[in-house]
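If you read the sequences in order, they're chains W and U. Just add 12 to the spot in the first sequence (first one is 1) and you have this note's numbering. Just add 23 to the spot in the second sequence (first one is 1) and you have this note's numbering. Report on the following structure.
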Amino acid sequence: MAVKMSKKAASIDMTAMCDVAFLLLTFFILTATAKIPEALPVDTPASTVQTKLPETDLATITIGGKGKVFYDLKGREIRKRALELMGQKYGVEFSDDDKDKFALMEGFGVPIQNLKQIIDMKSSERSKAGQPGVPKDSIDNQLAQWVQNSRIANIEINAKELQIAIKGDAKEEYPAIKKVMDILQDQKINSFSLVTGLRGKNF
Amino acid sequence: MAELNTGDGGGGKDKKVRSKKQNSKVDLTAMVDLAFLLITFFMLTTTLSKPQSMSLGLPDKDDKTDTNIKVDENRTMTILLGKDNKLVRYVGLLATPVAGGAPKDFVYGKEGIRKELLSRKQSVLAYSTAKGKPKNGMIVIIKPSKKSNYRNLVDILDEMAIVEVPTYAIVNEFTPEEQKLLEGK
Chain W
13 MAVKMSKKAA SIDMTAMCDV AFLLLTFFIL TATAKIPEAL PVDTPASTVQ
63 TKLPETDLAT ITIGGKGKVF YDLKGREIRK RALELMGQKY GVEFSDDDKD
113 KFALMEGFGV PIQNLKQIID MKSSERSKAG QPGVPKDSID NQLAQWVQNS
163 RIANIEINAK ELQIAIKGDA KEEYPAIKKV MDILQDQKIN SFSLVTGLRG
213 KNF
Chain U
24 MAELNTGDGG GGKDKKVRSK KQNSKVDLTA MVDLAFLLIT FFMLTTTLSK
74 PQSMSLGLPD KDDKTDTNIK VDENRTMTIL LGKDNKLVRY VGLLATPVAG
124 GAPKDFVYGK EGIRKELLSR KQSVLAYSTA KGKPKNGMIV IIKPSKKSNY
174 RNLVDILDEM AIVEVPTYAI VNEFTPEEQK LLEGK
């Protein structure tokens, strides 16, 4: 009797457990979104504030590498519309194919005149292309135009105000950040988010 | 491998039964282990990868109507951010600082500026309560210089959130005296 008992305990039927485990695994794999490689990798400073960024209606302005500015926008339809508006404004033609590609692209950092070349590249080539940043000086303030047109596009499509997030490199000097904040404030955007890393309460 | 081939050749009944029995009991422990390991990995990566953010509101730029509000200097603390993580603070006016509030260097973090902010917050609260207006809390003016970096700014804004300073503002104008404070010594 004692021998039989020990034999029963030694092997539990794990089929059901295995089923559940793989079901959950499949769920998590499918819900996980593939991380898009960033066009301009930056090291964000850490903070204890724990508000998550919104998933939609968001434009991210990345500042890094001696004042270079990259621009990124969430939502495919909004990206298409913003590109269309920018094309009209600067007299650059974009085909439907270009727009589709742009909708799936990561952030970019080139003047609109060179955007077509970046769109035509493969994603692996884009990161090596040495993008100079979106122009933001007073003569050719394309960043302001991008923000402006993205807001228009977002209101047209989602009927919501676009949120702006600034993602700065920790070592970036303050004037570069201030310049971007000024551009936003010129458009009466007075509240925005600063993207930060996470750190414990007792750092 | 070779044994498998010989098995299906012309084996008797008892042989087939045996092989069936062996197949029905696969040890799933390792498989379950692996599955749960992967689940843990995917769960953690999906929830932790969302970036954190800090919201920041700035006053309207063109609004010139109320630039001359008089503020009690006993309630204000000015924090100057300089290069190489330098941080100078003074309380009240620079020419006539409040007792114990003369310009002084501090370091970022728990032992540095946070202690000072907390103690100053207490004394401002006591001061306001004595005047009969306990709702008037501390006002912090943050002045990041051209040489300060973004990390300094986020760090000091973070301190504001931790200490729960009721009113703070980022101001960009520097007086020559303040400039001297940051550059001198």
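Every residue, glycine too, gets a C-beta built ideally from N, C-alpha and C.
Item: In the region 84-117 of chain W, which residues sit with their C-beta less than 9 Å from some C-beta in chain U, listed in chain order?; Value: none
Item: Which of the residues in the region 71-85 of chain W, read from start to end, lie with their CB under 7 Å from any CB of chain U?; Value: none
Item: For chain W, is any of its Cβ atoms less than 9 Å away from the one on residue 214 of chain U?; Value: Outside the shown range of chain U, which is 24 to 208, sits residue 214 of chain U, and nothing can be said about it.
Item: Give the straight-line distance between the Cα atoms of residue 135 of chain U and residue 82 of chain W, rounded to the nearest whole angstrom.; Value: 35 Å
Item: Might you give, ordered along the chain, the residues of its own chain that have their beta carbon closer than 7 Å to the beta carbon of residue 131 of chain U, omitting 5 neighbours on each side?; Value: 108, 110 and 178
Item: Give a yes or no on whether 9 Å exceeds the smallest Cβ distance from residue 62 of chain W to chain U.; Value: yes
Item: Measure the beta-carbon distance from residue 67 of chain U to residue 96 of chain U and round it to whole angstroms, keeping in mind my assumption that it falls under 8 Å.; Value: At roughly 50 Å, the Cβ-Cβ gap does not stay under 8 Å, so residue 67 of chain U and residue 96 of chain U are not in contact.
Item: Taking its Cβ as the centre, do 16 or more other Cβ atoms sit within 10 Å of residue 196 of chain W, making it buried, or is it exposed?; Value: buried
Item: Count the other CB atoms, across all protein chains shown, that sit within 10 Å of the CB of residue 39 of chain W; report buried if there are 16 or more and exposed otherwise.; Value: exposed
Item: For residue 184 of chain U, report the span of its alpha helix (DSSP H) as first-last.; Value: 173-186
Item: In chain order, what residues of the same chain lie with their CB nearer than 7 Å to the CB of residue 124 of chain U, ignoring the 5 residues before and after it?; Value: 113, 114 and 115
Item: If we ignore side chains and look at the alpha-carbon of each, how far apart do residue 129 of chain W and residue 150 of chain W end up?; Value: 25 Å
Item: Just verifying my parser: in three-state terms, what is the DSSP assignment at residue 143 of chain W?; Value: coil
Item: What in chain U is Cβ-close to residue 195 of chain W, meaning under 8 Å?; Value: Neighbours of residue 195 of chain W on chain U: none; closest Cβ ~11 Å, over 8 Å.
Item: How many whole angstroms separate the CB atoms of residue 58 of chain U and residue 188 of chain W, which I take to be in contact at a CB cut-off of 8 Å?; Value: Going by Cβ atoms, the distance from residue 58 of chain U to residue 188 of chain W rounds to 47 Å, so no, they are not a contact pair.
Item: Does residue 192 of chain W come out as helix, strand or coil in the three-state DSSP assignment?; Value: helix
Item: Spatial neighbours of residue 133 of chain U within its chain, please: CB distance less than 7 Å, with the 5 preceding and 5 following residues excluded, ordered by chain position.; Value: none
Item: Taking residue 185 of chain W as the query, report the chain U residues whose CB atoms sit under 8 Å from its CB, ordered along the chain.; Value: 169, 170, 171, 172 and 173
Item: Which residue from W/72, W/145, W/181 and W/107 puts its Cα closest to that of residue 123 of chain W?; Value: W/145
Item: Could you check where the alpha helix (DSSP H) with residue 145 of chain U kicks off and where it finishes?; Value: 138-153
Item: Does at least one heavy atom of the ligand HEM sit under 8 Å from the Cβ of residue 124 of chain U?; Value: The ligand content of the structure shown is nil, which means the ligand HEM is not present either.
Item: Assuming residue 93 of chain W contacts residue 169 of chain W under a Cβ cut-off of 8 Å, what Cβ separation, rounded to an integer in Å, is found between them?; Value: 6 Å
Item: Could you have a look at residue 201 of chain W and say whether DSSP puts it in helix, strand or coil?; Value: coil
Item: From the DSSP output, in three-state form, read off residue 60 of chain W for me.; Value: coil
Item: Roughly how many angstroms separate the alpha carbons of residue 55 of chain U and residue 52 of chain W, rounded to a whole number?; Value: 40 Å
Item: So, do the region 129-143 of chain W and the region 167-186 of chain W have three or more beta carbon pairs nearer to each other than 8 Å?; Value: no
Item: By the 10 Å Cβ neighbour count, where 16 or more other Cβ atoms means buried, how is residue 41 of chain W classified, buried or exposed?; Value: exposed
Item: Hey, how far is the Cα of residue 193 of chain U from the Cα of residue 80 of chain U?; Value: 10 Å
Item: By how many angstroms is the C-alpha of residue 120 of chain W removed from the C-alpha of residue 110 of chain W?; Value: 14 Å
Item: Can you confirm whether residue 30 of chain U, when its beta carbon is compared against all beta carbons of chain W, has any partner nearer than 9 Å?; Value: Its pLDDT being 43, under 50, residue 30 of chain U is placed unreliably in this model, and the coordinates cannot settle the point.
Item: Please list the terminal residues of the continuous alpha helix (DSSP H) segment that includes residue 98 of chain W.; Value: 88-102
Item: Is the CB of residue 58 of chain U under 9 Å away from at least one CB in chain W?; Value: yes
Item: Hey, how far is the Cα of residue 60 of chain W from the Cα of residue 207 of chain U?; Value: 32 Å
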